[in-house]
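**Student:** Protein chains in written order, with the numbering used here: chain B, 1 to 266; chain V, 1 to 377. Pasting in a structure now, in structure tokens, and then I'll have a few things to ask.
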């Protein structure tokens, strides 16, 4: 952990701090859906990712060749998720299993009670977040972008909030744009856009809007060339972040009246 | 009485009664393909002969939906037959009470040994099967088997005779996390003719079994029609509606589909409906995928190696590997089989085939939380 912290602390000036860890990369990558696990280290390298998420249910303890953890280096921050949990209680139990299995203190809460759309259950998510935050986990809850829920998550000790841009795996982009904008405006925690981002341009847009980071899995894993796509996302996230910092203030969503309406005031 | 799938299916059939003699046109199929959410009428159009010229287009769409939702991965599992005593007389099944086959039931020690032999191949998902005999393989026996096997497997499914809701609840509590139950055919008349005797004769009890499992909290339910018993278009249509009905009423349950075709078996029954061709099987898989983009589709070793490989990109998400359909046989000598297996490749051979075709074989995709401590722990 020391080595990890040291490296992260030395990264670029524009750092993202979550749970006391300073991150130079704002692109989190997922490890599901790849044609071969051996691709994952290359993708992580091309994406320059520092936080990597994996479903604990997919961690295969019996087959070293299939165990995703064997493909992840020690300097990465592991973000196990609670995929498969249908209740707060199940999510809590999976998180504890992840910690006792050596996956660290970070956990992405995923409580899904709808298998058709895979939309998260915000109510159960808040409950699980509260329990795990009290147990010292760094909790990153996956949620439907709802302001009240996000405020509740802040109250109960979440380290960030992870609103979805569109349903998992849909590659539809930022369908919840307006709601995510509100979270970015109102929530004093990092807002990490998770799920739905299908293209680098959409990742760039989320970053321009002021998202602290994005999590991408399907769009990279199912690309014809996942390594090149990983790099494309890295560049897009960096470009979007720079644009946000630069302040794209010149853009106006409404046309400017050619002569100012209040010009007569002199 | 609460309205259940039986009533729903009747109502759907009634609604489309006017189309019984209707000949679907390519335009109906195109219209269906243009829609994001398909309805019962679209389903009929896609399953009709009019869809055949558009099969390639459907296949491309099905492949892209599958990759998006499941990635380039295929989950693997193995079946373990616990017993083959059966009180039913299903005309298409080797375990038919009237067939003179060697009847056997594994002892709990044998169950453990068989489980160890399967686990040694790396498989972590196991499906337990029996014939229908409450005397020889009652719910208590199944539960005892589950408790023996639980430490060695990430996921335990059952494919046994229909149970009551309370029995499913007990099995769920002891570590069962999925139910596979095939309706065989949704045609009540054909159903009656191929199930001449035994408890399985009760069409409605079987039809509503998946709902009882959903209500009991079992997280995964896998449906299927035994393709070839009745008219396959009708059976695939009803299966798809059944799956969607369960998704709507039990959204937290993961609904999946299987596509078993009749295989040669002891008894040699030939159904009236005629064989289901490879093209028909392809059409069914594609329609299931287009109608239910997130439902898993399981392909068993009933199909030949070459066909299994060709079907992979069309929507398949789960395959059995290294399967035996005899009682026991993984660790000891097996007896009579339920049906003949067409794909006899071992687990490493299947895994290697998947890798060579650009798929990651997934051995483990579940956490069995039973017996792993409570929330207070």
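All residues carry an ideal CB built from backbone N, CA and C; glycine is no exception.
Return yes when at least one heavy atom of the ligand GDP lies under 7 Å from the C-beta of residue 159 (chain V), else no.
**Tutor:** Inclusion of the ligand GDP in the displayed structure is not the case, the ligand content being empty and no account of it being possible.
**Student:** Suppose contacts are defined by Cβ-Cβ distances below 8 Å. Is residue 126 (chain V) in contact with residue 159 (chain V) by that definition?
**Tutor:** One-based indexing of the second chain puts residue 126 (chain V) at position 126. One-based indexing of the second chain puts residue 159 (chain V) at position 159. Not closer than 8 Å, so no.
**Student:** Per DSSP, what kind of secondary structure is residue 250 (chain V) in: helix, strand or coil?
**Tutor:** For this step, residue 250 (chain V) is matched to residue 250 along the second chain. Of the three classes helix, strand and coil, the one that applies to residue 250 (chain V) here is coil, per DSSP.
**Student:** With DSSP as the reference, label residue 86 (chain B) as helix, strand or coil.
**Tutor:** On the first chain, position 86 is the one that residue 86 (chain B) refers to. Correct three-state label for residue 86 (chain B): coil.
**Student:** Report the residues of the stretch 343-372 of chain V with a CB closer than 8 Å to any CB of chain B, ordered along the chain.
**Tutor:** Cβ contacts with chain B: 355, 358, 359, 360, 361, 362, 363, 364, 365, 366, 367, 369 and 372.
**Student:** Whole angstroms is fine: what's the gap from residue 341 (chain V)'s alpha carbon to residue 321 (chain V)'s?
**Tutor:** Along the second chain, read from residue 1 onward, the residue named residue 341 (chain V) stands at position 341. Along the second chain, read from residue 1 onward, the residue named residue 321 (chain V) stands at position 321. So the alpha carbons of these two residues sit roughly 11 Å apart.
**Student:** Which value, in whole angstroms, describes the spacing of the CA atoms of residue 425 (chain V) and residue 314 (chain V)?
**Tutor:** Any question about residue 425 (chain V) goes unanswered here, given that chain V covers just 1 to 377.
**Student:** Tell me the DSSP secondary structure of residue 193 (chain B) in three-state form.
**Tutor:** Counted from its first residue, the first chain places residue 193 (chain B) at position 193. Here residue 193 (chain B) sits in strand by DSSP.
**Student:** In chain order, what residues of the same chain have a beta carbon less than 7 Å from the beta carbon of residue 7 (chain B), not counting five sequence neighbours either side?
**Tutor:** Stepping through the first chain from its first residue, residue 7 (chain B) is reached at position 7. Low confidence applies to residue 7 (chain B): its pLDDT is 47, below 50, so where it sits in the model is not reliable, and the reading given next is rough at best. Answer for residue 7 (chain B): 75, listed in chain order.
**Student:** Where does the unbroken beta strand (DSSP E) through residue 61 (chain B) begin, and where does it stop?
**Tutor:** Indexing the first chain from 1 puts residue 61 (chain B) at position 61. Premise fails: residue 61 (chain B) is in no beta strand (DSSP E) and is neither H nor E.
**Student:** So, helix, strand or coil for residue 125 (chain B), using DSSP?
**Tutor:** By one-based count along the first chain, residue 125 (chain B) stands at place 125. In this structure, residue 125 (chain B) counts as helix in the three-state DSSP scheme.
**Student:** Out of B:50, B:192, B:222 and B:37, point me to the one whose CA is closest to residue 208 (chain B)'s CA.
**Tutor:** As a working mapping, residue 208 (chain B) is identified with position 208 in the first chain. It is B:192 whose Cα lies nearest to the Cα of residue 208 (chain B).
**Student:** Which stretch, first to last residue, makes up the beta strand (DSSP E) that contains residue 175 (chain B)?
**Tutor:** Counted from its first residue, the first chain places residue 175 (chain B) at position 175. First-last for residue 175 (chain B): undefined, no H or E at that position.
**Student:** Any beta carbon from chain B within less than 8 Å of residue 254 (chain V)'s own beta carbon?
**Tutor:** As a working mapping, residue 254 (chain V) is identified with position 254 in the second chain. Interface residue, yes.
**Student:** Between residue 188 (chain B) and residue 122 (chain B), what straight-line distance do the alpha-carbon atoms span, to the nearest angstrom?
**Tutor:** Here residue 188 (chain B) refers to the residue found at position 188 of the first chain. Here residue 122 (chain B) refers to the residue found at position 122 of the first chain. Cα to Cα, the separation comes out at about 19 Å.
**Student:** What is the DSSP secondary structure of residue 7 (chain B), reduced to helix, strand or coil?
**Tutor:** Start at 1 with the first residue of the first chain, and residue 7 (chain B) comes out as number 7. Reliability fails at residue 7 (chain B), whose pLDDT of 47 lies under 50, so the model's placement of it is uncertain and the value that follows must be treated cautiously. Helix, per DSSP.
**Student:** Could you work out which residues of chain B lie near residue 426 (chain V), taking near to mean beta carbons separated by less than 7 Å?
**Tutor:** The displayed coordinates of chain V run from 1 to 377. Any statement about residue 426 (chain V) would go beyond what the structure contains.
**Student:** Could you tell me whether the Cβ of residue 45 (chain V) comes closer than 8 Å to any Cβ of chain B?
**Tutor:** Mapped onto the second chain, residue 45 (chain V) falls at position 45. So, not an interface residue.
**Student:** Between the alpha carbons of residue 4 (chain B) and residue 51 (chain B), how many angstroms are there, rounded?
**Tutor:** Taking the first chain and counting its residues from 1, one reaches residue 4 (chain B) at position 4. Taking the first chain and counting its residues from 1, one reaches residue 51 (chain B) at position 51. With a pLDDT of 48 at residue 4 (chain B), under the threshold of 50, the predicted position of this residue should be treated as unreliable, though the coordinate-derived value follows. Spanning the two alpha carbons is a distance of roughly 11 Å.
**Student:** Just to confirm, are residue 133 (chain B) and residue 143 (chain B) a CB contact at a threshold of 8 Å?
**Tutor:** The residue given as residue 133 (chain B) occupies position 133 in the first chain. The residue given as residue 143 (chain B) occupies position 143 in the first chain. Their beta carbons are not under 8 Å apart, which means residue 133 (chain B) does not touch residue 143 (chain B) by this criterion.
**Student:** Would you say the stretch 230-241 of chain V touches the stretch 106-118 of chain B, given that touching needs at least three Cβ pairs under 8 Å?
**Tutor:** They do not touch, by the three-pair rule.
**Student:** Who are the Cβ neighbours of residue 170 (chain B) in its own chain at under 7 Å, not counting the five residues just before and after it?
**Tutor:** The sequence position of residue 170 (chain B) within the first chain is 170, counting from 1. So the qualifying residues of the chain are 196.
**Student:** Residue 73 (chain V) touches chain B at which residues, Cβ-Cβ below 7 Å?
**Tutor:** For this step, residue 73 (chain V) is matched to residue 73 along the second chain. Per Cβ cutoff of 7 Å: 33.
**Student:** Where does the unbroken beta strand (DSSP E) through residue 125 (chain V) begin, and where does it stop?
**Tutor:** What you label residue 125 (chain V) is simply residue 125 of the second chain in a count that begins at 1. From DSSP, the beta strand (DSSP E) with residue 125 (chain V) extends over 125-130.
**Student:** How would you list, in chain order, the residues of chain V whose beta-carbon sits under 9 Å from the beta-carbon of residue 94 (chain B)?
**Tutor:** As a working mapping, residue 94 (chain B) is identified with position 94 in the first chain. Result: 367 and 369.
**Student:** Along chain V, in chain order, which residues have C-beta atoms closer than 8 Å to that of residue 86 (chain B)?
**Tutor:** By 1-based counting over the first chain, the position of residue 86 (chain B) is 86. Correct list: 219 and 252.
**Student:** Could you say which of B:147, B:226 and B:241 lies nearest to residue 358 (chain V) if we only look at CA atoms?
**Tutor:** On the second chain, residue 358 (chain V) is found 358 positions in, with the first residue counted as 1. Comparing Cα positions, the closest option is B:226.
**Student:** Residue 178 (chain V) bridges to which residues according to DSSP?
**Tutor:** Locating residue 178 (chain V) in the second chain gives position 178, counting from the first residue. Paired residues: V:157 and V:220.
**Student:** Where do the N-terminal and C-terminal ends of the alpha helix (DSSP H) with residue 147 (chain B) fall, by residue?
**Tutor:** Sequence index remark: in the first chain, residue 147 (chain B) carries index 147 (1-based). Where residue 147 (chain B) is concerned, the enclosing alpha helix (DSSP H) stretches over 147-156.
**Student:** Threshold first: 3 residues or longer. Then list the beta strand (DSSP E) segments lying entirely within the stretch 31-58 of chain V, N to C.
**Tutor:** Complete beta strand (DSSP E) runs here, min 3: none at all.
**Student:** Using the three-state DSSP reduction, which class does residue 142 (chain B) fall into: helix, strand or coil?
**Tutor:** What you label residue 142 (chain B) is simply residue 142 of the first chain in a count that begins at 1. Of the three classes helix, strand and coil, the one that applies to residue 142 (chain B) here is strand, per DSSP.
**Student:** Comparing alpha-carbon positions, which option in V:14, V:41, V:66 and V:22 lies nearest residue 35 (chain B)?
**Tutor:** As a position in the first chain, residue 35 (chain B) is number 35, starting the count at 1. Out of V:14, V:41, V:66 and V:22, V:66 has the C-alpha closest to the C-alpha of residue 35 (chain B).
**Student:** By the criterion of Cβ-Cβ separation under 8 Å, what are the contact partners of residue 118 (chain B) in chain A?
**Tutor:** Within the model displayed, chain A is absent; protein chains B and V are what it includes.
**Student:** Name the DSSP beta bridge partners of residue 296 (chain V), please?
**Tutor:** Translated into the one-based positions of the second chain, residue 296 (chain V) becomes position 296. DSSP, once it has assigned bridges, lists V:256 as partnering residue 296 (chain V).
**Student:** Is residue 209 (chain B) helix, strand or coil by DSSP?
**Tutor:** Within the first chain, residue 209 (chain B) is the residue found at index 209, counting from 1. Three-state result, residue 209 (chain B): helix.
**Student:** Using a Cβ-Cβ cut-off of less than 8 Å, give me the residues of the stretch 106-124 of chain V that come near chain B, in sequence order.
**Tutor:** Residues passing the 8 Å Cβ filter: 119, 122 and 124.
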